[in-house]
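Engineer:
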Amino acid sequence: MVDIDWTSLALPFAYVLVMVGSLYTFSTVYRKRKASQSANLEPWFPPHLQRNIYLSLLHLEPDPSQEKSPKVPESVIRAALLRRAVEDIQRIIQVRTSKQALNILIQRGSVGDDLNLRFTRAEKEIEEELKDVVAEVGFQPNPSPRFLTF
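Using the working numbering, read the sequence shown as starting at -6 and increasing by one per residue.
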């Protein structure tokens, strides 16, 4: 039978445990630091005023203390949604025109990764915003005149 000397194996096991522990610690600290840096980045676009106006009008409820507090007309809500869509289209055009120039600057090393991270975040945000607008409109392949009539 083989006799194992556990005292001579303690050092390699301790080495492996220290290495695994240090890699785990480095990994968690690195991920937390990257997440905090990502959260502190300045947004690519200014606040979306048209979206805020649309959502305010959409969720504006009549005041129950007043007898004749009118509800927001549907035409005003649709006009606000149209303005929101126009703003989103302008932002998409700006992103698409900036993308090629940004890629060239990144390849040359003229700009840092934080700018690229801000740009990709802006692309994702505008994509989600556009999906939200399409869902609000109830877009169908054959558009109905419901949205287009005021």
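By construction, the Cβ of each residue, glycine as well, lies at the ideal position given by its N, Cα and C atoms. Please read these numbers as outputs of a predicted model, since none were measured by experiment.
On the CB-based measure, 16 or more other CB atoms within 10 Å of its CB, does Asp81 come out buried or exposed?
Structural biologist: Taking the first residue of the sequence shown as 1, we reach residue 81 at position 88. By the 10 Å Cβ count, Asp81 comes out buried.
Engineer: If you draw a straight line from the alpha carbon of Trp(-1) to that of Tyr8, how long is it in whole angstroms?
Structural biologist: Against the sequence shown, residue -1 aligns to sequence position 6. Against the sequence shown, residue 8 aligns to sequence position 15. Going from the Cα of Trp(-1) to the Cα of Tyr8 covers about 14 Å.
Engineer: Can you list the alpha helix (DSSP H) stretches of 4 or more residues lying completely in the segment 29 to 102, in chain order?
Structural biologist: 42 to 51, 67 to 101
Engineer: Assuming Asp106 is part of the alpha helix (DSSP H), what are its boundary residues?
Structural biologist: By one-based count along the sequence shown, residue 106 stands at place 113. 106 to 130 is the extent of the alpha helix (DSSP H) around Asp106.
Engineer: Mind checking whether Pro44 and Arg84 have CB atoms under 7 Å apart?
Structural biologist: Within the sequence shown, residue 44 is the residue found at index 51, counting from 1. Within the sequence shown, residue 84 is the residue found at index 91, counting from 1. According to the sequence as given, residue 44 is Arg; it is not Pro. No.
Engineer: In three-state DSSP terms, what is Val(-5)?
Structural biologist: Working through the sequence shown from its first residue, we reach residue -5 at position 2. Look at Val(-5) here: in three-state DSSP terms it is coil, with no helix or strand label.
Engineer: So does the segment 41 to 55 actually touch the segment 17 to 31, counting three or more Cβ pairs closer than 8 Å?
Structural biologist: no
Engineer: Quick check: Arg111 and Trp37, are their CB atoms within less than 7 Å of each other?
Structural biologist: Against the sequence shown, residue 111 aligns to sequence position 118. Against the sequence shown, residue 37 aligns to sequence position 44. Taking 7 Å as the Cβ cut-off, Arg111 and Trp37 qualify as a contacting pair.
Engineer: Going by beta carbon distance, what residues of the same chain come within less than 7 Å of Ile119, once the five residues before and after it are set aside?
Structural biologist: To locate residue 119, count along the sequence shown from 1; it is residue 126. Correct list, in chain order: Asp81, Arg84, Ile85, Val88.
Engineer: For Gln150 and Val130, what's the separation of their Cα atoms in angstroms?
Structural biologist: This structure gives no information on residue 150, because the portion of the chain shown stretches from -6 to 143.
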